[in-house]
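Okay, so here's the structure we're looking at.
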Amino acid sequence: MPLGDTPAADVTGVWHVLAYVGGAEILSQPFYVGSYTSPLAVSFSTLAPVLNSTTYYPINSTIYYTTSSVSVNSYVLFTNLASGNYNVTFDFITPMGTSYGNVSSGAFSGPSSSTYVYAYLDINGYPAASDPGTWQVLIYVNNNFSSPALVQQFFISG
Numbered sequence: 001m002p003l004g005d006t007p008a009a010d011v012t013g014v015w016h017v018l019a020y021v022g023g024a025e026i027l028s029q030p031f032y033v034g035s036y037t038s039p040l041a042v043s044f045s046t047l048a049p050v051l052n053s054t055t056y057y058p059i060n061s062t063i064y065y066t067t068s069s070v071s072v073n074s075y076v077l078f079t080n081l082a083s084g085n086y087n088v089t090f091d092f093i094t095p096m097g098t099s100y101g102n103v104s105s106g107a108f109s110g111p112s113s114s115t116y117v118y119a120y121l122d123i124n125g126y127p128a129a130s131d132p133g134t135w136q137v138l139i140y141v142n143n144n145f146s147s148p149a150l151v152q153q154f155f156i157s158g
């Protein structure tokens, strides 16, 4: 849906595309509307319960977790980095809309053909297991906390 010259283009922030089957919501895909452009090209973004112990690439991407899941890993691959210094902050947002906590990727620099960063949220045996529902990961670049460069969403069920 083009937003460019419509009144919706002026309503900045996180929006959601909702998909329903038989009246039940099966998907809520967040996206951001605003003027901020990330200096990094996101080539790949996913959530996975496990990362490969050698490559740290995601295994079996999913957005559905249970309270017995070990953790959720937010993974982002940036490509074609221009010269400069970068940092990425992952802010895990609870179903109530509050920050559970954030993790910084630490500094990295370009130029580079690709760089991946990830952060994880422990579930089983941690307070997150007591907070089932729809979670978000707001991903910020270079401390621009006024607008996320990327938003991921996942679900924890009891």
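In the working numbering, the protein residues as written are 1 to 158.
Don't be surprised by glycine CBs; every beta carbon is placed ideally from N, CA and C.
Computed from a prediction, not measured in an experiment: that's the story for all the values here.
Work out the CA separation of residue j and residue i for me, nearest whole Å.
i: S99; j: L138; result: 10 angstroms
i: Y64; j: D91; result: 18 angstroms
i: G158; j: P95; result: 13 angstroms
i: L121; j: S83; result: 31 angstroms
i: I115; j: V141; result: Residue 115 is actually Thr in this sequence, not Ile. Answer to the nearest angstrom: the Cα atoms are 13 angstroms apart.
i: L40; j: A119; result: Low confidence applies to L40: its pLDDT is 46, below 50, so where it sits in the model is not reliable enough to give any reading.
i: Y36; j: V103; result: Low local confidence applies: a pLDDT of 42 at Y36 is under 50, so the model's placement there is unreliable, with the coordinate-based value given in what follows. Those two C-alpha atoms are separated by around 21 angstroms.
i: A107; j: T134; result: 30 angstroms
i: S113; j: N85; result: 14 angstroms
i: T89; j: A149; result: 10 angstroms
i: G162; j: G23; result: Past the boundaries of the shown model lies residue 162; the chain is included only from 1 to 158, so the question cannot be answered.
With 16 as the cutoff for other CB atoms within 10 Å, does residue i come out buried or exposed?
i: T6; result: exposed
i: S117; result: Reading off the sequence, residue 117 comes out as Val, not Ser. Per the 10 Å Cβ criterion, buried.
i: T54; result: exposed
i: S74; result: buried
i: Y127; result: What sits at residue 127 in the sequence shown is Pro, not Tyr. The residue is exposed, with fewer than 16 neighbouring Cβ atoms inside 10 Å.
i: S146; result: exposed
i: V21; result: exposed
i: F154; result: buried
Does the beta-carbon distance from residue i to residue j come in below 8 angstroms?
i: G110; j: L77; result: no
i: T67; j: A129; result: yes
i: N87; j: S105; result: yes
Taking 8 angstroms as the limit between beta carbons, can you name the residues of its chain near residue i, skipping five residues before and five after?
i: S69; result: P49, I123, N124 and I156
i: I93; result: S99, Y100, W135, Q136, V137 and L138
Spatial neighbours of residue i within its chain, please: CB distance less than 6 angstroms, with the 5 preceding and 5 following residues excluded, ordered by chain position.
i: P132; result: I156, S157 and G158
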